[in-house]
Structure formats: structure tokens, C-alpha cells
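Per our numbering, the first sequence runs over residues 138 to 536. Glycine included, every Cβ here is placed at the ideal spot set by N, Cα and C.
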Amino acid sequence: MERRRYYEGILRSTAKTFGFREVATPIFEETELFIMKSGPNILNEIYAFQDKGERNIALRPELTAPVVRMFVNSMSNEPRPLKLFYFGQCFRYERPQSGRYREFFQFGAELIGNANAETDAEAIALAAAMIKSLGLREYKVRIGHIGILRQMLANANVPPERLPEVLQKLDKKMYDDARDILGSIGVGDDAADEIFDITETVGGKEVLGKVSEDVGSYLRELVDILAAMGVVDVEIDLGVVRGLDYYTGMVFEAEAPSLGAEKQICGGGSYSLSELFGGEKVFSTGFAIGFDRILLAMEKEGQKFENTGVDAYVVPVSDDVRTDAARIVSMLRGSGISADIDIMRRKIGKTLNHASNVKAKYAVIVGKNELKENSVTVRDMSSGDQKMVRLDDLVSLFR
RNA sequence: GCCGGGAUGGGGUAGCUUGGUUAUCCUAGGGGACUGUGGAUCCCUUGACUCGGGUUCAAAUCUCGGUCCCGGCCCCA
């Protein structure tokens, strides 16, 4: 938990640096909310049940829908854009495996207000900054656009109800299966090859020549803004499809190759959901980082987390100075200095040993000899150097 | 939904195939050697067979069932 809280704190402060505000929503919602967003099939993949009042409720499987609902319910009159971030656990009824748990944590953000390259750039820049701030070395950010394929498939007369299965095959790069499906709809091999070629388009903005002018210039603008922000470790990958119905334009994801099958650590894109939940239609861009997964990736890279102990461990030399020691530890704590004191009534040697075990930075040794001079001995626990310090100077020394 | 592996002191483990001793070793925790100075060493000590049924004179070990964990596939908002 100490490790997790430490990294949570880094993500929070990065989000705040970008001008985002933290929000939180309930752990469970009406099941209907998630059905409205993702369709009735998600019922198979979430924890959904009836409560004692026979309400249909579900443990949240993700946080975008709850946050948008919250926006509609109680934040719709806030100044736009709303830049919100969240951190919380989610639940999915799936078979656990490495990097995938039934209870997991997401750290995400939503920008509610407009659909444009600036909004998308802001989202991607924050996602990249957060991943970087954690110190993850090996990762890749890929930017795509769901509108391109939607347009091409519509032009090829693929009926909307067949879109999900086609997109799913394209996302998996299962072109033979996709060709079969497209063939059954009456899409010829040439048209299919053209579609496959688009999903294989990967690289810098120079690869955008083959896409339609509106999307091409949009993505060029996006990449230019990102570059101006110093976010250059991203690539265009029009194969990022994400199989998600509700995305409307730009989509992006980040992956950590070290994680194997469950390597995706971040996913997001632009969407419009608020009108589904009874609000006005507002375009948004959001993303979520898989917190457990990114921590796992950092672990695999050999990143070690060391928790630290208190600044001052107060060591009474003998039992008759314990009340003096209590006064001193209280003085330190009252001044905002983390301080601990022996409560096991150990002898000095054992107490120093314990102070060392709990990683205290300094020992404050309280003994009769020192107290006669209104002083204590301060010992640096890593070097072993120690010196007498007057009680009046103790707090400022630690500060 | 499908498949594989596993569960032994706080942590890490041996033992299980071939049933039988005081359940092994490392580490950690408490105390001591050491009376006002930690990290070393030595000694003492605390502490475990996932649950339930069955077989047997005897089960950590064999068997059946449950629970939980880990991993792979599928799926992945």
C-alpha cells in the first residue's frame, strides 16, 4: 500500500499540474448506466445483481460512464471545459490472469467540452506525462482515428450492425477472418485490401497521405501540438481500433511490451456520451491508465520502491528519562517532524537496532548526561556520526 | 466459458512419487550473551500441513468433493 500510495501521489500531482480536478463516484451504479454505454452484452462481464430494494445495480467496470453521469447530474453548469481526473477501483467478472484482476484500479481523466485537436492533445500529453512521471521506460503510445475506418466501411456498404465484428477482427489483425466477413457482406478483395492497408499504417505524420484530407489534417494538427508540448514519443497507428462503439474520432493507447498478452496500460479517445444519460450532447476526450498493470510493468523493469522511516527515533537511555523522551518526541511531532519513540521498554542497544530496522534517519538519544546540559545526542543512522544538540536547536536542526 | 498448476509457521521452502521419528532449512519476530550506542556472531524462544468426507492400525503424504490462489486461452468497455 505504501508503494501504491506513493505512485498514486505522483499521478495526482501530474494531473493537477495539467489543471485537472479530482472527482470520485460511487463504487456501484445502476446497471442500466453501463448497458446504455456498452450494450446489453456487458452484463456477462460485470458484477451485476439486485439489492434488497430490487434495484438493478452493478459494480462499476470502468469510470468514464460514472464520471459522465456525474457531469450530467451535477456539473453540467460548470465552466467548460471540465478537466476531471479520478482514481478508483473497478470490477469485471472475468477470468483473472497476470495483469488482469477482477478488482483493479484505474487512474483516468476526462476533458469535457469540445472536440478538437487541442483537446485530444491535452489528453494524450497528460497520459504520456503520467506514464513518464512514474518512471516507466519501455512503452509506446499509438494514436489512431476511428473515423477513417468507419468511413471506409460505410463506403463499402458494410451495414452498421456488422461493424463491431469487422472492427474486432481488424483490431486483432486477423485479416483472413475479416476478409471472410467482408466477403459475406459483398465487399470485394480490392476494397478489403485497401481497408487492411489503412490498419497497417504506422509511423509519423508523413504516413497520413493516404487518408482523407479532413482526418489527415486533423491528425497532423494533433501531432504538431503534441510536438510543441514536447510529446514526441508517439506514433500514428491507424490500426488502433479499440472495437468500441462509443468513440467518435481520435483513439489512442499505450502499451508496455514487457507485459505480454495484457500489455495495454492505457486507452482512450474522443467520444460523446452525455446525451445518452439525459444531458446535452457534449464532446469529450478521456483515457484511463491501468494502475495495477503499469505497476507490474515497472516491477518487471526492475524498479524498486523503498519506503522510508521516520526522521527521528527517540531513544531513552534509561527508564528514568522516559518522560523526558516523551516530551521531546512530542515537541518534534508538534513541529511537523516525523518522530517515533521506543514503547517496548527496550534497552538502548536494542532500541537503536530497532530504529535501524524501521529505517529511521536519525536517532535522538535522550540520557541523563545530555539532559543536564538541556541537550540530546543526535546520531546519523547511516553514517554513525553523532553530536550533542541543545533542545532549543533540535527542531531547527531537523528542519 | 475452456484448460493447466498450486495451497506446509509472518515471508520463502523441504517432505508427498513409495503413508509411520519430535514436519526440514533459510528468513522474520521476542529474549539473552552486551548494566549508555544499531548493522556482526552465538545461544534460547515463538510459530505451519486450505476446508470437509473417505480409505487405513496410522494421512501433510492416497482418494473424493468444496474453497481460494497463480498462470494460459477466449474476451477485453
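Relative to the alpha-carbon of residue i, which residue among the options has its alpha-carbon at the smallest distance?
i: Asp308; options: Phe333, Ile183, Gln288; result: Phe333
i: Glu191; options: Pro203, Thr168, Val209, Phe535; result: Thr168
i: Met481; options: Ala492, Val515, Ser512; result: Ala492
i: Thr162; options: Pro177, Val209, Met138, Ile502; result: Val209
i: Arg229; options: Ile179, Gly272, Glu436; result: Ile179
i: Met387; options: Arg459, Gly284, Asn444, Val501; result: Gly284
i: Arg158; options: Val501, Glu166, Ile485, Ile249; result: Ile249
i: Asp397; options: Leu273, Met173, Pro453, Leu433; result: Residue identity check: residue 397 is Gly in the sequence provided, not Asp. When each option's Cα is compared against that of Gly397, the closest is Leu433.
i: Glu350; options: Gly376, Gln288, Ala315; result: Gln288
i: Leu219; options: Ala252, Ser455, Ala195, Leu271; result: Ala252
i: Leu196; options: Met212, Arg217, Leu221, Leu170; result: Leu170
i: Phe165; options: Met207, Gly176, Gly272; result: Met207
i: Phe324; options: Met518, Val339, Arg299, Gln305; result: Inspection of the sequence shows that residue 324 is occupied by Val rather than by Phe. When each option's Cα is compared against that of Val324, the closest is Arg299.
i: Ser175; options: Leu528, Phe442, Tyr383, Ser520; result: Tyr383
i: Val532; options: Arg459, Glu390, Ile465; result: Ile465
i: Ser455; options: Asn193, Met173, Ala329, Ile502; result: Ile502
i: Gly439; options: Gly272, Gln187, Arg141, Met173; result: Gly272
i: Lys269; options: Pro394, Ser395, Ile147, Tyr450; result: Ile147
i: Arg483; options: Arg459, Ala476, Ser475; result: Arg459
i: Ser321; options: Glu390, Ala293, Gln226, Pro198; result: Ala293
i: Met212; options: Asn181, Asp188, Gly236, Ser411; result: Ser411
i: Pro198; options: Arg217, Gln187, Ile172; result: Ile172
i: Cys227; options: Tyr184, Ala254, Lys189, Ser467; result: Tyr184
i: Thr338; options: Asn444, Leu375, Ala328; result: Leu375
i: Phe222; options: Met435, Lys509, Ala264; result: Ala264
i: Leu286; options: Leu528, Leu304, Asn444; result: Leu304
i: Lys509; options: Leu528, Gly340, Ser520; result: Leu528
i: Met267; options: Arg279, Gly245, Ala315; result: Gly245
i: Phe389; options: Arg316, Val278, Arg141, Glu507; result: Val278
Would you mind giving the Cβ-Cβ distance between residue i and residue j, rounded to the nearest angstrom? I have them listed as a contact below 8 Å.
i: Thr422; j: Thr256; result: 5 Å
i: Val495; j: Val513; result: Their Cβ separation, rounded to whole angstroms, is 19 Å, which puts Val495 and Val513 out of contact at 8 Å.
i: Lys342; j: Val371; result: Actually they are not in contact, since the Cβ atoms of Lys342 and Val371 sit about 10 Å apart, beyond 8 Å.
i: Asp448; j: Lys498; result: 5 Å
i: Ala262; j: Leu345; result: Rounded, the Cβ-Cβ distance is 20 Å, inconsistent with contact.
i: Leu200; j: Gln243; result: 6 Å
i: Arg204; j: Glu247; result: According to the sequence provided, residue 204 is Val. The question's Arg does not apply to it. Indeed, because the Cβ distance is near 5 Å, the residues count as touching under 8 Å.
i: Val452; j: Leu489; result: 6 Å
i: Ala391; j: Tyr238; result: With a Cβ gap of about 19 Å, Ala391 and Tyr238 do not count as contacting.
i: Glu302; j: Ile318; result: 6 Å
i: Glu182; j: Glu231; result: 6 Å
i: Ala393; j: Tyr450; result: Contact flag wrong, Cβ pair sits at about 39 Å.
i: Glu399; j: Arg357; result: About 32 Å; that fails the 8 Å criterion.
Is residue i buried or exposed, if buried means 16 or more other CB atoms sit within 10 Å of its CB?
i: Ile487; result: In the sequence under discussion, the amino acid at residue 487 is Lys, which differs from the Ile named in the question. Classification for Lys487: exposed.
i: Thr151; result: buried
i: Gly369; result: Looking at the sequence provided, one finds Val at residue 369 rather than Gly. Burial call: exposed.
i: Thr336; result: buried
i: Tyr240; result: Checking the sequence, you will find Glu at residue 240 rather than Tyr. Exposed, since its Cβ has fewer than 16 Cβ neighbours within 10 Å.
i: Tyr355; result: buried
i: Gly281; result: buried
i: Met138; result: exposed
i: Phe224; result: buried
i: Gly504; result: buried
i: Met311; result: exposed
i: Tyr143; result: exposed
i: Phe428; result: buried
i: Ala291; result: exposed
i: Phe535; result: buried
i: Glu215; result: exposed
i: Ala365; result: exposed
i: Phe442; result: exposed
i: Arg379; result: buried
i: Lys306; result: buried
i: Gly415; result: exposed
i: Gly236; result: buried
i: Asp477; result: buried
i: Asp326; result: exposed
i: Glu436; result: exposed
> Which whole runs of the beta strand (DSSP E) in the stretch 328–411 are 3 residues long or more, in chain order?
Replying inline: 371–374, 384–392, 401–408
>> Assess contact between the stretch 418–435 and the stretch 400–410, defined as three or more Cβ pairs (one per stretch) separated by less than 8 Å. Is contact present?
In response: yes
> If you pair each beta-carbon of the stretch 413–420 with each one of the stretch 462–482, do three or more pairs fall below 8 Å?
Replying inline: Taking 8 Å as the limit for Cβ pairs, the verdict is that the stretch 462–482 does not touch the stretch 413–420.
>> Quick check for students: name the residue ranges of the beta strand (DSSP E) that lie wholly in the stretch 430–501, counting only runs of 3 or more.
In response: 449–453, 476–478
>> So within the stretch 148–227, which uninterrupted beta strand (DSSP E) runs reach at least 3 residues, ignoring any that extend past its ends?
In response: Fully enclosed beta strand (DSSP E) runs of 3 or longer: 165–167, 185–187, 193–196.
> What beta strand (DSSP E) runs, 3 residues minimum, are completely inside the stretch 227–286?
Replying inline: 240–249, 277–282
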